[in-house]
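J.: This is the structure I want to talk about, given as structure tokens.
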Amino acid sequence: MEYQEEDYLMLSGIQHFSFCRRQWALIHIEQQWEENVRTLEGKFMHDNAHNPNFREKRKDILLVRAMKVFSRTLGVSGECDVVEFHRAEEGITLQGYEGMYYVVPVEYKRGAPKSYDADELQLTAQAVCLEEMLLTSIEKGFLFYGETRHRAEVFFSDEMRGKVKDIFEEMHSYYKRAYTPKVKMKASCKQCSLYNLCMPQLCKEMSADKYVEEMIREELS
Ligand code: SF4
Numbered sequence: 015m016e017y018q019e020e021d022y023l024m025l026s027g028i029q030h031f032s033f034c035r036r037q038w039a040l041i042h043i044e045q046q047w048e049e050n051v052r053t054l055e056g057k058f059m060h061d062n063a064h065n066p067n068f069r070e071k072r073k074d075i076l077l078v079r080a081m082k083v084f085s086r087t088l089g090v091s092g093e094c095d096v097v098e099f100h101r102a103e104e105g106i107t108l109q110g111y112e113g114m115y116y117v118v119p120v121e122y123k124r125g126a127p128k129s130y131d132a133d134e135l136q137l138t139a140q141a142v143c144l145e146e147m148l149l150t151s152i153e154k155g156f157l158f159y160g161e162t163r164h165r166a167e168v169f170f171s172d173e174m175r176g177k178v179k180d181i182f183e184e185m186h187s188y189y190k191r192a193y194t195p196k197v198k199m200k201a202s203c204k205q206c207s208l209y210n211l212c213m214p215q216l217c218k219e220m221s222a223d224k225y226v227e228e229m230i231r232e233e234l235s
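Numbering (the numbering used here), first residue to last: 15 to 235.
Structural data, given as structure tokens:
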């Protein structure tokens, strides 16, 4: 199945979704992300045309920063921090450059590696986009963590690719139904940036109607 451009979701949302489906829905459904790929593609052309640092050549590696990507099969669009093109015996050709190249996406994170696989999923989704756009296959990429100054290698296994596909299918189904899952309290709620907005304790214990009822009763007593 192929998605239409107007149905594309934000690629980076996979990080929110894998942390908590409700957090993703609060950000992406209730706050209505509207930037479609057409806007992105327009911006891509504009940004790249006006950004002198867009491309950088280091020996046999060509670096492209802030590369806009999309996938019709996943129905997503987003941006890669850095895409490295390594000169090799086999691979793709690049306009204006001699030789063949293989592709390596690199994502930069300010913090340290997470206890769950959100970053790996995001990088795998980027790789799927690049494969579709550049008609190539990508074996691995890297996650660079600012806090630990560590570059972690990520292999794009069939299992990770399958997981990415399943997650985006689920996200599309939620988005189509404008469905925000109910609160499920968990230990990680304490680290959630939307904790106050989500009000997990309140939602868990009583419905909004019941809450208003309680407030009125308190006011009158
Ligand atoms: S507070 Fe908990 S349930 Fe609510 S969005 Fe955050 S992680 Fe999800």
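Think of the CB as a built atom: it goes at the ideal place given N, C-alpha and C, for glycine as much as any other residue.
Since this is a predicted model, take the numbers as computed values, not measurements.
Between Tyr193, Asn210 and Tyr122, which has its C-alpha nearest Phe31's C-alpha?
T.: In the sequence shown, the residue the question calls residue 31 occupies position 17. Of Tyr193, Asn210 and Tyr122, the residue nearest in Cα terms is Tyr193.
J.: How would you label Tyr188, buried or exposed, when you count the other beta carbons within 10 angstroms and need 16 or more for buried?
T.: Taking the first residue of the sequence shown as position 1, residue 188 is located at position 174. Its Cβ being crowded by 16 or more others within 10 Å, Tyr188 is buried.
J.: Is there at least one non-hydrogen atom of the ligand SF4 closer than 6 Å to the beta-carbon of Arg36?
T.: Counting from 1 along the sequence shown, the entry for residue 36 is found at position 22. Yes, the ligand SF4 has a heavy atom inside 6 Å of this Cβ.
J.: Quick one, are the C-beta atoms of Val96 and Arg79 less than 7 Å apart?
T.: Within the sequence shown, residue 96 is the residue found at index 82, counting from 1. Within the sequence shown, residue 79 is the residue found at index 65, counting from 1. Yes, the Cβ-Cβ distance between Val96 and Arg79 is below 7 Å.
J.: Can you give the beta carbon distance from Gly155 to Val178, rounded, assuming they're within the 8 Å contact cut?
T.: Indexing the sequence shown from 1 puts residue 155 at position 141. Indexing the sequence shown from 1 puts residue 178 at position 164. Rounded, the Cβ-Cβ distance is 13 Å, inconsistent with contact.
J.: With distances taken Cα to Cα, identify the nearest neighbour of Gly125 among Ile152, Glu93 and Glu161.
T.: Residue mapping note: residue 125 aligns to position 111 of the sequence shown, counting from 1. Out of Ile152, Glu93 and Glu161, Glu161 has the C-alpha closest to the C-alpha of Gly125.
J.: Taking Gly92 as part of the beta strand (DSSP E), name the residues at either end of that continuous run.
T.: Taking the sequence shown and counting its residues from 1, the one referred to as residue 92 is at position 78. Segment Val90 to Ala102, the beta strand (DSSP E) holding Gly92.
J.: By the 10 Å Cβ neighbour count, where 16 or more other Cβ atoms means buried, how is Gln29 classified, buried or exposed?
T.: Taking the sequence shown and counting its residues from 1, the one referred to as residue 29 is at position 15. Buried, because 16 or more other Cβ atoms sit within 10 Å of the Cβ of Gln29.
J.: Check the DSSP bridge columns for Leu211 and list the partner residues they point to.
T.: Residue mapping note: residue 211 aligns to position 197 of the sequence shown, counting from 1. None; Leu211 has no bridge partner.
J.: How big is the Cα-Cα spacing for Thr150 and Met213?
T.: The sequence position of residue 150 within the sequence shown is 136, counting from 1. The sequence position of residue 213 within the sequence shown is 199, counting from 1. Approximately 45 Å between the Cα atoms of the pair.
J.: Does the ligand SF4 have even one heavy atom less than 6 Å from the beta-carbon of Cys143?
T.: Taking the sequence shown and counting its residues from 1, one reaches residue 143 at position 129. No, the beta carbon of Cys143 sits no closer than 6 Å to any heavy atom of the ligand SF4.
J.: Taking Arg86 as the reference, which of Leu76, Met24 and Glu103 has the closest Cα?
T.: Numbered from its first residue, the sequence shown carries residue 86 at position 72. Ranking the options by Cα distance to Arg86, first place goes to Met24.
J.: Tell me which residues share the same chain as Cys206 and place their Cβ nearer than 8 Å to its Cβ, disregarding the 5 neighbours each side in the sequence.
T.: Residue 206 sits at position 192 when you count from the first residue of the sequence shown. Phe33, Cys34, Gln37 and Cys212, listed in sequence order.
J.: Do you know how far the Cα of Lys190 is from the Cα of Asn210?
T.: Residue numbering aside, residue 210 sits at position 196 when the sequence shown is read from its first letter. Residue numbering aside, residue 190 sits at position 176 when the sequence shown is read from its first letter. One C-alpha to the other measures close to 26 Å.
J.: Buried or exposed for His42, please, with buried defined as at least 16 other CB atoms from any protein chain shown within 10 angstroms of its CB.
T.: Your numbering for residue 42 matches position 28 in the sequence shown. By the neighbour-count rule (16 or more Cβ atoms within 10 Å), His42 is buried.
J.: Count the other CB atoms, across all protein chains shown, that sit within 10 Å of the CB of Asp176; report buried if there are 16 or more and exposed otherwise.
T.: Numbered from 1 along the sequence shown, position 162 holds the residue referred to as residue 176. Rather than Asp, the amino acid found at residue 176 in this sequence is Gly. Under this definition Gly176 is an exposed residue.
J.: Using 8 Å for Cβ pairs, my map puts Leu77 next to Ile106. What's the rounded Cβ distance?
T.: To locate residue 77, count along the sequence shown from 1; it is residue 63. To locate residue 106, count along the sequence shown from 1; it is residue 92. Actually they do not touch by this definition, with Cβ atoms about 16 Å apart.
J.: From Asp74, Lys73, Leu88 and Arg69, pick the residue whose C-alpha is nearest to that of Met81; which is it?
T.: For the purposes of this step, residue 81 is identified with residue 67 of the sequence shown, where counting begins at 1. Cα-wise, what sits closest to Met81 is Arg69.
J.: Using the three-state DSSP reduction, which class does Gly110 fall into: helix, strand or coil?
T.: In the sequence shown, counting from the first residue as 1, residue 110 sits at position 96. Looking at Gly110 - three-state DSSP - the assignment turns out to be coil, as it is neither helix nor strand.
J.: Which residue spans inside the segment 121–158 form an unbroken alpha helix (DSSP H) run of at least 4?
T.: Correct list: 132–148.
J.: Would you mind sorting Glu173 into buried or exposed? The rule is 16 or more other CB atoms within 10 Å of its CB.
T.: Walking along the sequence shown from the start, residue 173 turns up at place 159. Classification of Glu173: exposed, given that the 10 Å Cβ count is below 16.
J.: Which residue comes first and which comes last in the alpha helix (DSSP H) that contains Arg36?
T.: By one-based count along the sequence shown, residue 36 stands at place 22. From DSSP, the alpha helix (DSSP H) with Arg36 extends over Arg35 to His42.
J.: Going by the C-beta, is Tyr209 closer than 6 Å to any heavy atom of the ligand SF4?
T.: Along the sequence shown, read from residue 1 onward, the residue named residue 209 stands at position 195. Yes, Cβ of Tyr209 sits closer than 6 Å to a heavy atom of the ligand SF4.
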